[in-house]
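Undergrad: I am attaching a structure below and will ask some questions about it afterwards.
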Amino acid sequence: MVPQTQIPYAETIDVAPTVAAIMGVEPPSDDGGSGRVLTSVLPGGAPLEHPRHLERINGQILAYEKLRAQATLRAFDDPTLNMLLMELDHGGLSEHQFYHSHRLMEWHQAGSLEHMIESNAWVLETLRLALEDSRYRLADW
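Per numbering that gives the first Met the number 0, residue 0 is the first one in the sequence shown, and the count goes up by one each step.
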């Protein structure tokens with residue numbers, strides 16, 4: 000290892016692939032959900048521009064919980080908002096699902112970690128549009 004290396008940002012999921020790289024063995028998984036090799040701790044390694052997936056997902060979960068709570072309260076007076084919430088909660092009704100804390104282990108169903116983050120962003124924007132502008136992105140029923 001490089002002595003006195005400061006890592007500006009890392010996620011717990013980066014530990015296993017980094018240790019594997021130091022040991023010269025294959026990482027446990029290379030599907031994108033298992034973290035990145037922290038190259039700056041390797042001899043001659045350059046600093047890693049980290050995508051900060053967990054930080055982004057945590058921010059998305061916080062925003063979703065707030066927006067969903069607001070939408071749930073407003074749905075008592077707005078049946079269309081209630082239909083939107085049902086659509087966003089059920090995989091059979093929409094291709095865009097939010098992978099919140101209860102569904103995080105299902106991230107692979109999105110195809111990739113990046114696609115999961117994109118799907119989450121689409122749902123957040125959909126809820127914001129409905130709450131702020133009364134614009135609904137509903138499936139054709």
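Glycine included, C-beta positions come from ideal geometry on N, C-alpha and C.
Let me know if W140 comes out buried or exposed under the rule of 16 or more other beta-carbons within 10 Å of its beta-carbon.
TA: Caution applies to W140, whose pLDDT of 41 falls short of 50 and renders its modelled position unreliable; the value that the coordinates give is listed next. Result: exposed.
Undergrad: Do I6 and L37 come within 7 Å of each other at the CB atom, strictly closer than that value?
TA: Yes, these two residues count as a Cβ contact at 7 Å.
Undergrad: So, using beta-carbon positions, are Y135 and N119 closer together than 7 Å?
TA: Contact: no.
Undergrad: Give me, in chain order, the residues of the same chain whose beta-carbon lies closer than 8 Å to that of L123; leave out the 5 immediate sequence neighbours on both sides.
TA: Correct list, in chain order: Q59, A62, Y63, L66 and F97.
Undergrad: Is the CB-CB distance between L130 and Q69 below 7 Å?
TA: Yes; because the gap between Cβ atoms is below 7 Å, this pair is in contact.
Undergrad: Alpha carbon to alpha carbon, what distance is there between M104 and L80?
TA: Those two C-alpha atoms are separated by around 27 Å.
Undergrad: How would you label H95, buried or exposed, when you count the other beta carbons within 10 angstroms and need 16 or more for buried?
TA: Its Cβ being crowded by 16 or more others within 10 Å, H95 is buried.
Undergrad: Less than 7 Å between the beta carbons of I116 and R55, yes or no?
TA: Yes; because the gap between Cβ atoms is below 7 Å, this pair is in contact.
Undergrad: Quick one: what's got a C-beta closer than 7 Å to A74's C-beta in the same chain, skipping five residues either side?
TA: Here the set comprises L80, N81 and L84.
Undergrad: When the distance is taken between beta carbons, is S39 closer than 7 Å to P50?
TA: Against a cut-off of 7 Å, the Cβ pair of S39 and P50 comes out as no contact.
Undergrad: With DSSP run on the structure shown, which of helix, strand or coil describes T125?
TA: Correct three-state label for T125: helix.
Undergrad: Mind pulling the alpha helix (DSSP H) runs of 4 or more residues that sit fully within the segment 54-129?
TA: If we require 4 residues or more, the alpha helix (DSSP H) runs fully inside the segment 54-129 come out as 78-88.
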